[in-house]
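Quick notes on the structure that follows.
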Amino acid sequence: MTRTGIRLKAPAPGWTVDADVVVVGSGVAGLTAALRCTAAGLRTVVVTKARLDDGSTRWAQGGIAAALGDGDTPEQHLDDTLVAGAGLCDEEAVRALVTEGPDAVRRLIDTGALFDTDPESGVIQLTREGGHHRRRIAHAGGDATGAEISRALVEAVRSASVRTIENALVLDLLTDADGRTAGVTLHVMGEGQHDGVGAVLAPAVVLATGGMGQVFSATTNPSVSTGDGVALALRAGAEVSDLEFVQFHPTVLFLGADAEGQQPLVSEAVRGEGAHLVDADGVRFMLGQHELAELAPRDIVAKGIMRRMRERGAEHMYLDARHFGAAMWESRFPTILAACRSHGIDPVTDPVPVAPAAHYASGGVRTDLHGRTTVPGLYACGEVACTGVHGANRLASNSLLEGLVFAERIAEDIAARPASPGPAVRGEEAPGPLLDPATRIEIQRIMTAGAGVLRSAESLDHAATALDALYRSAAAEADHRDGGDTGDGDGAKDAEPGVDAWEATNLLLVSRVLVAAARAREETRGCHWREDRPDRDDDWRRHLVVRLTPDRTLAVHRTATASFPPVGPGPVPAQREQ
Numbered sequence: 023m024t025r026t027g028i029r030l031k032a033p034a035p036g037w038t039v040d041a042d043v044v045v046v047g048s049g050v051a052g053l054t055a056a057l058r059c060t061a062a063g064l065r066t067v068v069v070t071k072a073r074l075d076d077g078s079t080r081w082a083q084g085g086i087a088a089a090l091g092d093g094d095t096p097e098q099h100l101d102d103t104l105v106a107g108a109g110l111c112d113e114e115a116v117r118a119l120v121t122e123g124p125d126a127v128r129r130l131i132d133t134g135a136l137f138d139t140d141p142e143s144g145v146i147q148l149t150r151e152g153g154h155h156r157r158r159i160a161h162a163g164g165d166a167t168g169a170e171i172s173r174a175l176v177e178a179v180r181s182a183s184v185r186t187i188e189n190a191l192v193l194d195l196l197t198d199a200d201g202r203t204a205g206v207t208l209h210v211m212g213e214g215q216h217d218g219v220g221a222v223l224a225p226a227v228v229l230a231t232g233g234m235g236q237v238f239s240a241t242t243n244p245s246v247s248t249g250d251g252v253a254l255a256l257r258a259g260a261e262v263s264d265l266e267f268v269q270f271h272p273t274v275l276f277l278g279a280d281a282e283g284q285q286p287l288v289s290e291a292v293r294g295e296g297a298h299l300v301d302a303d304g305v306r307f308m309l310g311q312h313e314l315a316e317l318a319p320r321d322i323v324a325k326g327i328m329r330r331m332r333e334r335g336a337e338h339m340y341l342d343a344r345h346f347g348a349a350m351w352e353s354r355f356p357t358i359l360a361a362c363r364s365h366g367i368d369p370v371t372d373p374v375p376v377a378p379a380a381h382y383a384s385g386g387v388r389t390d391l392h393g394r395t396t397v398p399g400l401y402a403c404g405e406v407a408c409t410g411v412h413g414a415n416r417l418a419s420n421s422l423l424e425g426l427v428f429a430e431r432i433a434e435d436i437a438a439r440p441a442s443p444g445p446a447v448r449g450e451e452a453p454g455p456l457l458d459p460a461t462r463i464e465i466q467r468i469m470t471a472g473a474g475v476l477r478s479a480e481s482l483d484h485a486a487t488a489l490d491a492l493y494r495s496a497a498a499e500a501d502h503r504d505g506g507d508t509g510d511g512d513g514a515k516d517a518e519p520g521v522d523a524w525e526a527t528n529l530l531l532v533s534r535v536l537v538a539a540a541r542a543r544e545e546t547r548g549c550h551w552r553e554d555r556p557d558r559d560d561d562w563r564r565h566l567v568v569r570l571t572p573d574r575t576l577a578v579h580r581t582a583t584a585s586f587p588p589v590g591p592g593p594v595p596a597q598r599e600q
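Following this line, the structure appears as structure tokens:
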């Protein structure tokens, strides 16, 4: 690990909280980690950017994948995951996911999550989604699985009296003189017991901050998904990997070419129940493109939609599920039905206009099988992490399962490795420039145009140049304020510390990493689609690892094999709870 000496410009902490573990994020990964750490007797603090139930998990519609049905096996689940990952999955990580997954789901049920069951037998109902050869997706409330999981975990956390700090944006990692994790700084946005910038001091930090979909103009991610965890990890010296593999969900409700912000998702489960993708003439264009047609892995379906759009000169395609009838729509997909109708579309009587939009980061902060990053004491799980499970393209509904399984593994590892870091050291750290909040929209438009579903060397070069200009302009303005006028103060201005400026700065950093990796990967693989390099090249069956250097440049290197190098010490033998 190389310490960067870089942090966000922010006031010094005005208050502190002591803990054994601080978990940053309140989705399925974060709350599961917090519950398991608390059960192990560790003083645990949960920090979350909004309210406890405002993370990405509650937006998950389709469900959670696990080999729970008759005739299904972890081995079959593994095979489907490896195929979707396009040669870049870590098979050991996938095996851990699929073998431990069913029991992890059962523990979630024991925690209080209520999945949809057959009214007569009481057996959990299972559906199919893209890339799965069997029905193995457990769902709740029809299409409100994430909301139900979030409800159950939030209630469990409150019942366990886990300390929480809500409405708090995490800023930077605290480390001791040896570079070991000592806690985090954070800013509480004017509510609760604390206000302003403070610190939670803890020898273990678990990043579960979710995704970074807000780097694009249109995304299924909530507004809080600004890549804060990845940016924090980079500034702390951690490695990130595979950030070029951004999954664009094939079927997002099309609200117009200029639509920006969070867009309504039309779950893959709708296709799993028999909906068809069609063009304006009603032609099922996915037939013949893949053995699973509309239920092919998401990267294949997204590419199929984009190709048909280009062939027809259209802005969107259609998802036709009129044959479901009103009763099925109302009972199985009430959330989607309401979202469509709120925008003047009735899927009971009309095909639904859909187009791909940014959905999920398959890469993230690089971890081992116990969630450990390259910074001692710093862990990551959920969408912020790159465990090796997803490879170049996440298999549908594996994300909630990954959050469950690896959160439990992290809690087990923390309990087995008590640590006592020295005092946090901040003196030698230098803040980087802050971006004006107004540049957020500019970053999103740059990324959408240059690093969206379809990329090329030219588009990525344009994006890299534009992002670099934003950074250099902010840095020049910061230098000017500090007394060193460079004469290059136009464009993005160095802003005053605040949530909007911190978010914009995080978005710029993760955008720069994504584009750097996408430029370096000169092939098409999984959800990374280069029109100038349209074929898969197995010389590129390697991972791209990126870190931030002390001079604020990006170091990108390619692994020697498809396997990740180790990140830390070997595992401590421990008895896994069954």
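Counted the way my numbering counts, the sequence shown spans residues 23 to 600.
Glycine included, each C-beta is placed from N, C-alpha and C at the ideal position.
Status (buried if at least 16 other CB within 10 Å, exposed otherwise) for residue i
i       : result
Glu-313 : exposed
Ser-364 : exposed
Trp-37  : exposed
Asp-458 : buried
Ile-358 : buried
Val-376 : buried
Glu-480 : exposed
Ser-585 : exposed
Ala-55  : buried
Glu-142 : exposed
Gly-259 : buried
Pro-272 : buried
Pro-556 : exposed
Other residues of its chain near residue i: CB distance less than 6 Å, five sequence neighbours each side excluded
i       : result
Lys-71  : Leu-191 and Val-246
Ala-315 : Met-308 and Leu-309
Gly-454 : Ile-28
Spatial distance of residue i from residue j (CA atoms)
i       : j       : result
Ala-253 : Leu-531 : 6 Å
Ala-443 : Thr-203 : Before going further, note that residue 443 is Pro rather than Ala in the sequence given. Spanning the two alpha carbons is a distance of roughly 7 Å.
Leu-482 : Ala-379 : 18 Å
Thr-242 : Val-447 : 38 Å
Arg-150 : Ala-291 : 6 Å
Glu-170 : Asp-573 : 45 Å
Ala-497 : Leu-570 : 16 Å
Ser-172 : Glu-499 : 43 Å
Val-43  : Val-370 : 49 Å
Thr-583 : Arg-563 : 7 Å
Ala-596 : Ala-61  : Confidence in Ala-596 is poor, its pLDDT being 40 and thus under 50, which makes the residue's placement too unreliable to answer from.
Asp-372 : Ala-343 : 8 Å
Gln-269 : Gly-201 : 34 Å
Phe-238 : Val-69  : 25 Å
Gly-326 : Phe-137 : 32 Å
Leu-74  : Ala-526 : 23 Å
Thr-461 : Gly-472 : 16 Å
Leu-576 : Met-331 : 35 Å
Asp-125 : Gly-107 : 23 Å
Val-535 : Gly-93  : 43 Å
For residue i, the residue or residues it bridges with in DSSP
i       : result
Met-339 : Val-376
Ala-190 : Val-210
Asp-40  : Leu-223
Gly-386 : Ser-263
Arg-569 : Ala-577
Tyr-401 : Val-228 and Arg-394
Close-in-space but distant-in-sequence residues of the same chain around residue i (CB under 8 Å, 5 per side omitted)
i       : result
Val-594 : Bear in mind that the predicted position of Val-594 carries a pLDDT of just 45, short of 50, making it too unreliable to give a figure here.
Leu-476 : Met-328, Trp-551 and Glu-553
Pro-356 : Gly-163, Gly-164, Asp-165 and Ala-166
Glu-352 : Leu-359
Val-578 : Ala-538, Ala-539, Ala-542, Leu-566, Val-567 and Val-568
Three-state secondary structure assigned by DSSP to residue i
i       : result
Ala-108 : coil
Ile-28  : strand
Ile-367 : coil
Pro-445 : coil
His-579 : strand
Phe-428 : helix
Gly-283 : strand
Val-535 : helix
Val-323 : helix
Gly-205 : strand
His-298 : strand
Arg-354 : helix
Same chain, Cβ closer than 7 Å to residue i, neighbours up to 5 away in sequence not counted
i       : result
Pro-519 : Lys-31, Ala-32, Pro-33 and Leu-456
His-345 : none
Chain C within 8 Å of residue i, Cβ atoms only
i       : result
Ala-538 : Looking at the structure shown, chain C is missing, and only one protein chain is on hand.
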